[in-house]
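Residue numbers (this note's numbering), protein chains in the order written: chain A, 8 to 416; chain B, 8 to 416; chain C, 8 to 416; chain D, 8 to 416. Beta carbons: idealized from backbone N, C-alpha and C, even for Gly.
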């Protein structure tokens, strides 16, 4: 008896992830997918949480696993889902983040200036569709939200999608921020499809509330942790400086010819469109190895920031509810110019401010729908007895100010 | 009231790791220690277990945490340990692996040919001792086994040290190989000091048995997993090839001038002695970024192996109890030469064999001592009713044979 | 060398619980403490969550463990706590619930009508104080809140005490309601003492927010789960009926002469004062075995409810935000009288309503204090950017209505 | 759209257990099944491990969950299993332990002298088969091993059945003996059917080795822990004494008329056959409540043992590899007679010896079969490189001797 195709992969979060579709296994074996292995899921969060070194590849496999379970649950509740739709939804979730560049969100608008990672994901899916004989067409439709069964798209991209469910579970697992743990399996069991849209049975509302609170906490505690913010802004400043210097020089600038091309490209989006295969070779290793090399660069801003980041000498940061005082920032800039012998423009790489935003629920986005026993459907934020009800008006914001540890604020 | 110094770090394995000694915090803030952040604990095990991407930095902090607990237990049982000894033991465990180079064990004798990582660790500790005003002297003594209280050294380096306890716990946690889980906290609670030597109370014998079995299992299931073996041997072959080519060329060879120097150095050990600061800038990023660059190298062996490894196209491998059949290997070599158009010497980078050894317990090494209620002490392997009793004679060995997936065995 | 006294107990929630004080070990070995082994922590929650069968003994040991850790943390931050105070605080938390009767909260005001379990705990502590040569005096002072270092009492009894921290952790662990998990170890690490009062460092606010949300969720999902509510109210009704019948009869009524005495006592509080040793022999086994015997009792109400509860045939229950409609309840009563051949008074044991209250935070109670870096202290509910800020006004309430499954609502 | 039948139950070990077959839900709702809620899975192990208070009901639901997963895996590997077979296998595992009496194994041959619990399980299944219109017929065939597809029976009862997998997982989870954890999900994924028999793929051998070692450890550490042994033998002695006294008296003896009948029955097996419904009302509560009552019994042996057990004053016990010295035991008997004023016959309830046996693998029982890639099948104990290979000859035995803490050994 010939055994059906089946590969299992250990996952400390879910136990095992099963791949039983040869096409899907071919896709994850493709070099462009394997590249995700070399992109950190959480950029520099490991500077604070040393365990948070998991990769985008692992996250997308995890989201795929949750997608498998979600589809299984929905089918067991009587929602018709064909084998083609199932395959397509699984492919779409596996590839949903394939467009991410090095250090994903952190450098998203720094390296590639005018194109969102979702658009790049779509470009790559379309390129892969050619490689795989148009067998990804339905997956692409679902990914774009162009397929009539809206719930399939909502599982991939909404305020309660398997993407968020996996990243919260995985990020809290690997970072050790236990408060971020969510009851993903209970949420999956509460999912239903109503009028082709994803909804949650009423008795699951507290699990959703818990999910939204856990997400809010993970933002403050991990993604927007002040040292992580400072470290990731150092990374941004380094790349901004590198871009400036690269454009004013010729010859190899970073350790990667492709990175050089992109840094020097006037229109990075069109570069990607024409050199997608090049983009698909770029990962965290190109950036970090370049930064290691830049520690010895003659430009003082670039070499200092690079050395500090490599040695985990992170800028000081103040995170507060109140707006940053302009004159305080000015004073820090002056002190930095003096202490480090920098021009005002150079010092702005070391002293800068910004805003961190943490939104629990956005009623303007794709809703979270609650299905009541009597058949009515409500947006979760309209249910008066839930905590989210009072929190929809304004996203929480905090202001931050960074400066070198060599100057006193 | 001034609060005592204290930093806590989340660790998903143990919850929290506390640093309450300013000297120790300065040590872990040193760039040489921070370098461990960029060395994978398990080299390429993540090719099979995508979660196993944790760093040497995290492992050494974990071992430090277990050391803190072990010392606390021993003191609570009446063993006198001074504050200086405690600090020194903690420093010694934090730095025990600091000598590891890129991809640690895998490349240990490839990049640096004639020096073990423990010796390099010692060199680095001695250099740090100067930086930190000779405050590491006692730690170095303990690390070398030159301090009379032998149990302090045994906690760092023996068949039941906190190093092993952490790596088993951490590797099984991150890989998701749940069978590798050990009862580290129970083992710590069973530790006693007897005649200045570390021993385990009799009632803890089954926890030790379990520990030895879990370690054995982790070797077969993770460290010596056949795909991991194949991947890591590809990495070795790449570096061997790179070394050969680098020595026969001039100009930049890899992305890192330091790596070039070491590859070209006739006596890498003496290079390290004279350029310790250079060595301490080398990490996995230099290697992997170089391999990415080598994908475009004119040497067919180097570029092919590099491309395959980056794309996770791993050599086929057969792992078996029986010795490898020589003529079978020869036939594979011939086929490879033909299929890939290679010389015999070149093909030997693609077709090779070796032996994987997994030793449960080595009665010739530092013993695991069991303390009985009547005060007698026995080596664990001499206790007849334990499983290890029958397993000490011969280490388990398996033979392996690697070859390209383009040829049939 | 004589080893210090030390007993360790496995706990799946925390790993190990250590007892290293002979007096404390004597206390937990006392029959009155051992009785807690036979009282379910969560009464009948196991009807819905089969794993939730843990005992009050286990909970109080867990709270003791957290107390040990909390005191250790506070001392390491410089708060002076003497060995006597430490011992006393540990004893107080071990005994904080020793006054609980069978099925604890559920039957609290049914079996013993006019005395709260905290008062009985105090009676028992005072009796034990005689047994243990007045060595519990300080513990009693702390328990009563009569000791100047208020934080010791607050650790035992406040809105953020180790009691709540243990029961949330333990109840969520044993029930499998993963959303109830809290970050108890992070909360402990954020504790400080300020002006002799317990406070939380500002950077811990989100962990507290998470704690309050988790507690809220555990109330709705577990403690006030509708089937648990119905089952526990059946238990109450059974005991109310038994009391009525016992008082109108003579001879053995239940399987326990002591239970008979208490059921028939006109003033149960004074009974306890004079027969404390009898009370301390009562546990869940007396109640449940009696209910098993009452399945064959001639009184139809008693035997029916008893049989149904033993066989897990739970009354139907509706739980809703809206008040219960009076005429609907009346109709159900009528139907029940007819269907079961009962009088109106008898039917009221099967058809009844009530209110379930779930309060996230009560600013009128012992506050949760947040200590800011500038030294100011605020009540957590006054911090505008926290969720609890909008939730302090009104406790959440739901109304319920129970009725037999033999009648239709 | 009508939703399919589905009930989910939280389980901290596996997350959720799903019941989606109305017949199965009816079976678990039956009072005879609900009785398992009142039988401890591990009798008195909670005297040492306070968390080990889980019920037989929970265990059998857990085994059912593993059965669901096992069948799913086998079907996905191409083994044909019909819906009827699937339902029957699930029913059989749910009911496999339904014959267990109070305190299950501990009192198995004390209360019911001449009938094993498996036989009683069969009797009950046959009685339930009538209740459920013969819909359990196939389940009974499978349970008895009378169905041609042997693997279905082997999943229920063999050396690698879902019963063992659940009890190891659950017992280690609830007791906190983390070393007992097994990789149940990996084992399930390695299962195949070969010639209608259950087998394990070769690459799973180390998971099986680990399973056998974990089971061995759980025996020594939990099931045969010396204090548990002593406590459970006290329970046996109490019941033996009660039986003797009951037979020499009339009128109510215990709190349960049914227990009285059984204690006084000359042929308990035939009593069960004729009064199965009575037997199905007996549980731990009858025994423990009776013991509580017997604390005041005039017979000194019965009241002393009962009081000691209730108060957790456990007999002293010595557990050793060497046989018990007869004259030492005699001396202890004499001392006990004197110290407690007992006859020789009475003292034998306090001083006794016995043997504890822990067998890792029994090659005489239903084998564990390993399926190699070349299609050959071997018994696991015949694979030379596994630990079990050297351990099959002799089961491990330890001798124990119990005596009161009032006498010195």
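Closest in alpha carbon position to residue 337 (chain B), among B:274, B:309 and B:415, is B:415.
Beta-bridge pairing by DSSP links residue 206 (chain C) to C:199.
Comparing alpha-carbon positions, the option among A:248, A:162, A:407 and A:88 lying closest to residue 310 (chain A) turns out to be A:248. Within its own chain, the residues whose Cβ lies closer than 7 Å to the Cβ of residue 61 (chain D), once the five positions on either side in sequence are excluded, are 48, 177 and 181, listed in chain order. As the crow flies, the alpha-carbon of residue 303 (chain B) is around 40 Å from that of residue 233 (chain A). Residue 138 (chain B) counts as exposed, since fewer than 16 other C-beta atoms from the protein chains shown sit within 10 angstroms of its C-beta. Cα atoms of residue 223 (chain D) and residue 390 (chain B): separation of roughly 16 Å, rounded to the nearest angstrom.
Annotation: residue 325 (chain A) has no Cβ neighbours in chain D at a cutoff of 7 Å; minimum Cβ distance is about 42 Å. Beyond the five residues adjoining it in sequence on each side, residue 308 (chain B) comes within less than 6 Å, by CB distance, of 248, 353 and 356 in the same chain, given in chain order. Non-local C-beta neighbours of residue 402 (chain A) in its own chain, meaning closer than 7 Å and more than five positions away in sequence, comprise 364, 365 and 366, ordered along the chain.
Boundaries of the beta strand (DSSP E) around residue 360 (chain B): 359-365. Taking a C-beta distance under 8 Å as the contact criterion, residue 78 (chain A) and residue 93 (chain A) qualify as a contact pair. Taking 8 Å as the threshold, the shortest C-beta distance from residue 23 (chain C) to chain B falls below it. A Cβ of chain A is located within less than 8 Å of the beta carbon of residue 184 (chain B).
The Cβ atoms of residue 159 (chain D) and residue 96 (chain D) lie closer than 8 Å to each other.
When DSSP states are grouped into helix, strand and coil, residue 306 (chain C) belongs to the coil group.
Here residue 386 (chain B) carries a strand assignment [DSSP, helix/strand/coil]. In the three-state reduction of the DSSP assignment, residue 410 (chain C) falls in the strand class. Here the alpha carbon of residue 195 (chain C) sits roughly 11 Å from the alpha carbon of residue 215 (chain C). If you check the CB distance, residue 52 (chain C) and residue 235 (chain C) come in under 8 Å. Per DSSP, residue 35 (chain C) is one residue of the alpha helix (DSSP H) stretching across 29-36.
Listed along chain A, no residue sits closer than 9 Å to residue 41 (chain D) by beta-carbon distance, the nearest being about 24 Å off. In this structure, residue 293 (chain A) and residue 262 (chain A) form a Cβ contact; the two beta carbons are roughly 7 Å apart against a cut-off of 8 Å.
Listed in chain order, the alpha helix (DSSP H) elements of length 4 or more contained wholly in the stretch 88-120 of chain A are 90-101 and 111-118. Secondary structure within the stretch 266-338 of chain A: the beta strand (DSSP E) runs of 3 or more consecutive residues, fully enclosed, are 323-327 (chain order). Between residue 372 (chain C) and the set C:21, C:166, C:408 and C:205, the nearest pair of CA atoms involves C:166. Excluding its 5 nearest sequence neighbours in each direction, residue 245 (chain D) has C-beta neighbours in its own chain below 8 Å: 298, 301, 309, 312, 313 and 316, listed in chain order. When Cβ-Cβ separations below 8 Å define contact, residue 85 (chain D) makes contact with chain A. At a cut-off of 4 residues, the continuous stretches assigned as alpha helix (DSSP H) that sit fully inside the stretch 221-259 of chain A are 233-254. Neighbours of residue 11 (chain B) in chain C, taken as residues at a C-beta separation under 8 Å, are given in chain order as 83, 84 and 85.
Taking the Cβ atoms as the reference, residue 17 (chain D) lies roughly 4 Å from residue 183 (chain C), within the contact range of under 8 Å. Taken through DSSP and simplified to helix, strand or coil, residue 164 (chain C) comes out as coil. Chain order gives no chain D residues near residue 31 (chain A), where near means a beta carbon separation below 7 Å; the closest approach is about 15 Å. In terms of beta-carbon proximity, residue 196 (chain B) lines the interface with chain C, with at least one pair separated by less than 8 Å. For residue 372 (chain D), no beta strand (DSSP E) run applies, since DSSP gives it neither H nor E. Not a single CB atom of chain B sits nearer than 8 Å to the CB of residue 387 (chain C).
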